[in-house]
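First residue of the sequence shown: 183, per our numbering; consecutive thereafter.
All C-beta atoms, glycine included, are put in the ideal place defined by N, C-alpha and C.
Owing to the predicted nature of the structure, the values given are computational and were not obtained by experimental measurement.
Before any comments, here is the structure.
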Amino acid sequence: MGQIKLPAKPRSFITSLARGLQVLEALARSSKPLNLTQLSEEVGFHKVTTSRFCYTLTELGYVERIHKKRYRLTPKALGLGYAIVCNLDLRQVGESHLRELSAFLGETVNMAVLDQTEILYVARFKTEQIMPTELHIGSRLPLHCTSMGKAILAHLPEEELSELLDRITFSQLTHRTITTREGFLEELEKVRKQCYAVSDEELSVGLRSIAAPIMRDNRPVAAINIAVPTARYNLEQLAKNFSGPLLKTAKTISDLLQQQVTVQPA
């Protein structure tokens, strides 16, 4: 690809900023990490110029360099769009269905997205307080001990999952928390087989939850869960009573999100 020529702009236009954004846009369009040669060809810059942009964006935390000297966006870069995604897509499409699910079951229902090594709550319909700490939209929790974290991670590409697990500290929050990578990988395999994830007092004693991923373009973009007190439901009852309605709601939201992608202009 030849050098991309930006249109003539007033003196206040910052060309270097525009070119840096072109690098971010190229990485966002790509379905896989790009090496320096591929990225240079995509944006039409000299490799030295592209390398300088990548270095700057890496130092700022928006891009990361992984094995074989390939570059990809970080969750920080993706976070620039989280407000739009959550507020316009997930929130608009999902909230009414989550509200209906909560009302139908009489239980707390939540939605969260992946944010680095945590889940970030973007919707919540609470019926009662189960945890000692109050959760709300914007709350963050670790991935390894939450049902929504498991539901998202179980459906990530293998390479992406492996690199993310490298950054996770398997801290023990309760006597049931999974604290090893090997044990967690076994748990994720179980999630894939049964199509839902559970957290059995792994985050907080007295709390059980069951979660399913929200998929878009064959990728997990979020997860929803149903949270209940352990005194009311054992693990078998949790799966029996809630897996069906949960999976049905997750599929409905996923299908609606995918329809939005399909109707986008080329």
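Next on the checklist: Going by beta-carbon coordinates alone, are Y244 and L206 separated by less than 8 angstroms?
Outcome noted: Taking the sequence shown and counting its residues from 1, one reaches residue 244 at position 62. Taking the sequence shown and counting its residues from 1, one reaches residue 206 at position 24. Contact flag set, yes.
Checklist entry - What does a CB cutoff of less than 7 angstroms around R306 pick up in its chain, not counting 5 residues either side in sequence? => result Translated into positions along the sequence shown, residue 306 becomes position 124. Excluding sequence neighbours, R306 sits near N292, L317, H318, I319.
Next on the checklist: So within the segment 204-291, which uninterrupted beta strand (DSSP E) runs reach at least 3 residues, ignoring any that extend past its ends?
Outcome noted: 245-248, 252-255
Next on the checklist: So if DSSP puts Y303 in a beta bridge, which residue, or which two residues, is it bridged to?
Outcome noted: Taking the sequence shown and counting its residues from 1, one reaches residue 303 at position 121. Paired residues: A294.
Checklist entry - Quick one: is N269 buried, meaning 16 or more other Cβ sit within 10 Å of its Cβ, or exposed? => result Position 87 of the sequence shown, counting from 1, holds the residue named residue 269. For N269, the predicted model reports a pLDDT of 48, less than 50, meaning its position is unreliable; a value from the coordinates is still stated below. By the 10 Å Cβ count, N269 comes out exposed.
Checklist entry - Considering only the beta carbon of each residue, do S386 and P314 sit closer than 8 angstroms? => result By one-based count along the sequence shown, residue 386 stands at place 204. By one-based count along the sequence shown, residue 314 stands at place 132. Yes, they are a contact pair.
Next on the checklist: Give me the DSSP bridge partner(s) of N416.
Outcome noted: Locating residue 416 in the sequence shown gives position 234, counting from the first residue. Per DSSP, none; premise fails for N416.
Next on the checklist: Taking 8 angstroms as the threshold (C-beta atoms), are G288 and T309 in contact?
Outcome noted: What you label residue 309 is simply residue 127 of the sequence shown in a count that begins at 1. What you label residue 288 is simply residue 106 of the sequence shown in a count that begins at 1. It is a contact, given that the beta carbons lie within the stated cut-off.
Item to check | Residues that DSSP places opposite D382 in a beta bridge | outcome: By 1-based counting over the sequence shown, the position of residue 382 is 200. Answer is R390, bridged to D382.
Checklist entry - Is I334 closer than 8 angstroms to P395 when the C-beta atoms are compared? => result Against the sequence shown, residue 395 aligns to sequence position 213. Against the sequence shown, residue 334 aligns to sequence position 152. Yes; because the gap between Cβ atoms is below 8 angstroms, this pair is in contact.
Checklist entry - Whose C-beta lies closer than 8 angstroms to the C-beta of L221 among residues of the same chain, with five residues either side of it excluded? => result The count along the sequence shown starts at 1 and reaches residue 221 at position 39. Answer for L221: V205, A208, L209, T232, C236, Y253, listed in chain order.
Checklist entry - Is the segment 422-435 touching the segment 356-375, taking contact as three or more C-beta pairs under 8 angstroms? => result no
Item to check | Sub-8 angstroms separation of P427 and F286 beta-carbons | outcome: Numbered from its first residue, the sequence shown carries residue 427 at position 245. Numbered from its first residue, the sequence shown carries residue 286 at position 104. Yes, these two residues count as a Cβ contact at 8 angstroms.
Item to check | Supposed close pair A336, V373 - CB separation, criterion 8 angstroms | outcome: Taking the sequence shown and counting its residues from 1, one reaches residue 336 at position 154. Taking the sequence shown and counting its residues from 1, one reaches residue 373 at position 191. Right, the Cβ-Cβ distance comes to about 4 angstroms (below 8 angstroms), so this counts as a contact.
Next on the checklist: Suppose you measure from the CA of S329 to the CA of E368; what does that come to, to the nearest Å?
Outcome noted: Counted from its first residue, the sequence shown places residue 329 at position 147. Counted from its first residue, the sequence shown places residue 368 at position 186. C-alpha separation (whole angstroms): 14 angstroms.
Next on the checklist: Using the Cβ count rule (16 or more neighbours within 10 Å means buried), how would you classify G276?
Outcome noted: Position 94 of the sequence shown, counted from the first residue, corresponds to residue 276. Flag for G276 reads buried.
Item to check | Where M313 falls: helix, strand or coil (DSSP) | outcome: Start at 1 with the first residue of the sequence shown, and residue 313 comes out as number 131. M313: coil per DSSP, three-state reduction.
Item to check | Host alpha helix (DSSP H) of A333 (start-end) | outcome: Counting from one through the sequence shown, the residue named residue 333 turns up at place 151. 329-335 is the extent of the alpha helix (DSSP H) around A333.
Item to check | Rounded Cβ spacing between I406 and A393 (contact assumed at less than 8 angstroms) | outcome: In the sequence shown, residue 406 corresponds to position 224, counting from 1. In the sequence shown, residue 393 corresponds to position 211, counting from 1. With a Cβ gap of about 6 angstroms, I406 and A393 count as contacting.
Next on the checklist: Quick test of your reading: I248 and T299, contact by CB under 8 angstroms. State the CB separation rounded to the nearest angstrom.
Outcome noted: Position 66 of the sequence shown holds residue 248. Position 117 of the sequence shown holds residue 299. About 16 angstroms; that fails the 8 angstroms criterion.
Next on the checklist: To the nearest angstrom, how far is the alpha carbon of R322 from that of V304?
Outcome noted: Here residue 322 is taken as the residue at index 140 of the sequence shown, counted from 1. Here residue 304 is taken as the residue at index 122 of the sequence shown, counted from 1. Taking the straight line from one Cα to the other gives about 10 angstroms.
Checklist entry - Considering R358, what are the terminal residues of the beta strand (DSSP E) in which it resides? => result For the purposes of this step, residue 358 is taken as residue 176 along the sequence shown, with counting starting at 1. From DSSP, R358 is part of no beta strand (DSSP E); its letter is neither H nor E.
Next on the checklist: To the nearest angstrom, how far is the alpha carbon of S381 from that of S353?
Outcome noted: Taking the sequence shown and counting its residues from 1, one reaches residue 381 at position 199. Taking the sequence shown and counting its residues from 1, one reaches residue 353 at position 171. The alpha-carbon atoms of S381 and S353 are separated by roughly 15 angstroms.
Next on the checklist: Considering Cα atoms alone, identify which of G388, D437, E341 is closest to R414.
Outcome noted: Indexing the sequence shown from 1 puts residue 414 at position 232. Closest by alpha carbon: G388.
Item to check | Neighbourhood of L325 by C-beta distance below 7 angstroms, restricted to the same chain and skipping five residues each side | outcome: Residue 325 sits at position 143 when you count from the first residue of the sequence shown. Result list for L325: T299, E300, I301, G331, L335, I350, in chain order.
Checklist entry - DSSP on N423, reduced to helix/strand/coil? => result The residue given as residue 423 occupies position 241 in the sequence shown. Of the three classes helix, strand and coil, the one that applies to N423 here is helix, per DSSP.
Checklist entry - Taking the alpha-carbon positions, what's the L218 to S436 distance? => result Here residue 218 refers to the residue found at position 36 when the sequence shown is read from its first residue. Here residue 436 refers to the residue found at position 254 when the sequence shown is read from its first residue. Cα to Cα, L218 sits roughly 34 angstroms from S436.
Checklist entry - With DSSP run on the structure shown, which of helix, strand or coil describes I126? => result Here the chain has residues from 183 to 448 only, and residue 126 is not among them.
Item to check | Cβ-based burial, V230 [other Cβ within 10 Å; buried from 16] | outcome: Your numbering for residue 230 matches position 48 in the sequence shown. Per the 10 Å Cβ criterion, exposed.
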